[in-house]
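Undergrad:
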């Protein structure tokens, strides 16, 4: 009952806003804007209606909905990086303005964005840090950024979970390190923020507490860097193998890896599916 009360829908929703160039302050015309309006599908479940609109010559947009209690908006323009906002409705009208940063190319960056299909088609190339229980024995699978593969051999990995009851402690190679990026540090999306990896302040291990948006990783060579974004919550997968049954517990993640030794982790991807950007990507 408290969930339904806290998410009580308002009627005749009107969403307006303006999209501007962060550098010049000028309006961005023909920017794509995706608006998700969340409403109570029934007493216990929420769903959303989606509208796609474009900005006019003044950079303005408008979208209307029958009802809702929460608005998610993302926008992108040609040559600009996308941005997004999540807002609970205090009234039936809301104005959300955006300032988009210009896209900056980073040809050497290697990136991988998790999608829902990656959860189904698990492979060595799928970044999935996990603990595996098989025949009452627990092993840990780490990730090697040099080969971009998940491995059982943690000596040749940059990051893995400590073997314990549940995957909670991230461990790095002795020449590498991990540095958390907290949710409070992010304005819109970690994909397009915190673009420069620090060179100091790294730890050898870190216990996840749920307040992290992602992590900087110093790789085991001590001179290359990455940024990762873990999926929310622990994933559990089980199935048969060689006449026995295994159980995996762990976390998938998106990554941004710079193999050339620089600290530039700028993600140059000005064209992205905005609904996925809102729902799947942080």
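In the working numbering, the protein residues as written are 15 to 296.
Built from N, CA and C at the ideal position, the CB exists for glycine as well.
Just so we're clear, the structure is a prediction, and the values are computed from it rather than from any experiment.
Return the CA-CA distance between residue 194 and residue 242, expressed in angstroms with no decimal places.
TA: Within the chain shown, residue 194 is the residue found at index 180, counting from 1. Within the chain shown, residue 242 is the residue found at index 228, counting from 1. Going by the C-alpha atoms only, they are around 10 Å apart.
Undergrad: Measuring from the CB of residue 277, is there a heavy atom of the ligand MG at a distance below 7 Å?
TA: Annotation note on the ligand MG: not contained in the displayed structure, which lists no ligands.
Undergrad: Please confirm whether residue 75 and residue 48 have their CB atoms less than 8 Å apart.
TA: Here residue 75 refers to the residue found at position 61 when the chain shown is read from its first residue. Here residue 48 refers to the residue found at position 34 when the chain shown is read from its first residue. No, the Cβ-Cβ distance between residue 75 and residue 48 is not below 8 Å.
Undergrad: Given this structure, state the Cα-to-Cα distance separating residue 11 from residue 56, to the nearest angstrom.
TA: As shown, the chain starts at 15 and ends at 296. That puts residue 11 outside it, with no answer to give.
Undergrad: My output table needs one value for residue 122: the three-state DSSP class, helix, strand or coil.
TA: Numbered from its first residue, the chain shown carries residue 122 at position 108. Of the three classes helix, strand and coil, the one that applies to residue 122 here is coil, per DSSP.
Undergrad: Which residues does DSSP pair with residue 93 in a beta bridge?
TA: Here residue 93 refers to the residue found at position 79 of the chain shown. Per DSSP, none; premise fails for residue 93.
Undergrad: What number of angstroms, rounded off, separates the C-alpha of residue 174 from the C-alpha of residue 192?
TA: Here residue 174 corresponds to residue number 160 of the chain shown, with the count starting at 1. Here residue 192 corresponds to residue number 178 of the chain shown, with the count starting at 1. C-alpha separation (whole angstroms): 11 Å.
Undergrad: Residue 57 lies in the beta strand (DSSP E); which residues open and close that run?
TA: Translated into positions along the chain shown, residue 57 becomes position 43. Here residue 57 belongs to no beta strand (DSSP E), and DSSP marks it neither H nor E.
Undergrad: If you run the structure through DSSP and keep just helix, strand and coil, what is residue 16?
TA: The sequence position of residue 16 within the chain shown is 2, counting from 1. Here the model assigns residue 16 a pLDDT of 42, short of 50, so the residue's position is not dependable, and the following value carries that caveat. Residue 16 falls in the helix class under three-state DSSP.
Undergrad: Take residue 18 and list the residues in its own chain whose beta-carbon comes closer than 8 Å to its own, dropping the five residues that flank it on each side.
TA: Walking along the chain shown from the start, residue 18 turns up at place 4. Residue confidence for residue 18 is low, a pLDDT of 47 falling below 50, so the modelled location carries little weight; the figure read from the coordinates is stated next. Excluding sequence neighbours, residue 18 sits near 54, 57, 58.
Undergrad: From 87, 121, 218, pick the residue whose C-alpha is nearest to that of residue 78; which is it?
TA: Stepping through the chain shown from its first residue, residue 78 is reached at position 64. Ranking the options by Cα distance to residue 78, first place goes to 87.
Undergrad: DSSP three-state call for residue 110: helix, strand or coil?
TA: Indexing the chain shown from 1 puts residue 110 at position 96. Reduced to three states, the DSSP call for residue 110 is coil.
Undergrad: Provide the residue span of the beta strand (DSSP E) that contains residue 74, from first to last.
TA: Position 60 of the chain shown, counted from the first residue, corresponds to residue 74. Where residue 74 is concerned, the enclosing beta strand (DSSP E) stretches over 74–82.
Undergrad: Just list the residues that DSSP pairs residue 46 with in beta bridges.
TA: Within the chain shown, the letter at position 32 stands for residue 46. Paired residues: 68, 90.
Undergrad: For a test of the three-state rule: what should DSSP assign to residue 168, helix, strand or coil?
TA: Here residue 168 refers to the residue found at position 154 when the chain shown is read from its first residue. Reduced to three states, the DSSP call for residue 168 is helix.
Undergrad: Tell me which residues share the same chain as residue 21 and place their Cβ nearer than 7 Å to its Cβ, disregarding the 5 neighbours each side in the sequence.
TA: Locating residue 21 in the chain shown gives position 7, where the first residue counts as 1. If we look at residue 21 and ignore the five residues flanking it on each side, its Cβ neighbours are 54, 60, 83.
Undergrad: Anyone know if the C-beta pair for residue 209 and residue 201 falls short of 8 Å?
TA: The sequence position of residue 209 within the chain shown is 195, counting from 1. The sequence position of residue 201 within the chain shown is 187, counting from 1. For residue 209 and residue 201, no; Cβs fall outside 8 Å.
Undergrad: When you compare only the Cα positions, how much space is there between residue 250 and residue 232?
TA: Here the question's residue 250 lines up with position 236 in the chain shown. Here the question's residue 232 lines up with position 218 in the chain shown. Going from the Cα of residue 250 to the Cα of residue 232 covers about 27 Å.
Undergrad: Does the distance from the CB of residue 35 to the CB of residue 146 come in under 8 Å?
TA: The residue given as residue 35 occupies position 21 in the chain shown. The residue given as residue 146 occupies position 132 in the chain shown. Against a cut-off of 8 Å, the Cβ pair of residue 146 and residue 35 comes out as no contact.
Undergrad: Please look up how many angstroms separate the CB atoms of residue 168 and residue 154, rounded, as I've assumed it's under 8 Å.
TA: Locating residue 168 in the chain shown gives position 154, where the first residue counts as 1. Locating residue 154 in the chain shown gives position 140, where the first residue counts as 1. So it is a contact: roughly 6 Å between Cβ atoms.
Undergrad: Beta-carbon within less than 8 Å of residue 248's beta-carbon, same chain only, minus the 5 sequence neighbours each way: which residues are those?
TA: Here the question's residue 248 lines up with position 234 in the chain shown. Within the same chain, residue 248 has close Cβ partners 180, 181, 263, 264, 265.
Undergrad: Is DSSP giving residue 99 helix, strand or coil here?
TA: By one-based count along the chain shown, residue 99 stands at place 85. Residue 99: strand per DSSP, three-state reduction.
Undergrad: Please list the terminal residues of the continuous beta strand (DSSP E) segment that includes residue 159.
TA: Looking up residue 159 in the chain shown gives position 145. Going by DSSP, residue 159 is part of no beta strand (DSSP E) at all; its letter is neither H nor E.
Undergrad: Count the other C-beta atoms from every protein chain shown that fall within 10 angstroms of the C-beta of residue 38, then say buried if there are 16 or more, exposed otherwise.
TA: Start at 1 with the first residue of the chain shown, and residue 38 comes out as number 24. An exposed status is given to residue 38, since fewer than 16 other beta-carbon atoms sit within 10 Å of its beta-carbon.
Undergrad: In terms of DSSP beta bridges, what is residue 299 paired with?
TA: Outside the displayed span of the chain (15 to 296) sits residue 299, for which this structure offers no information.
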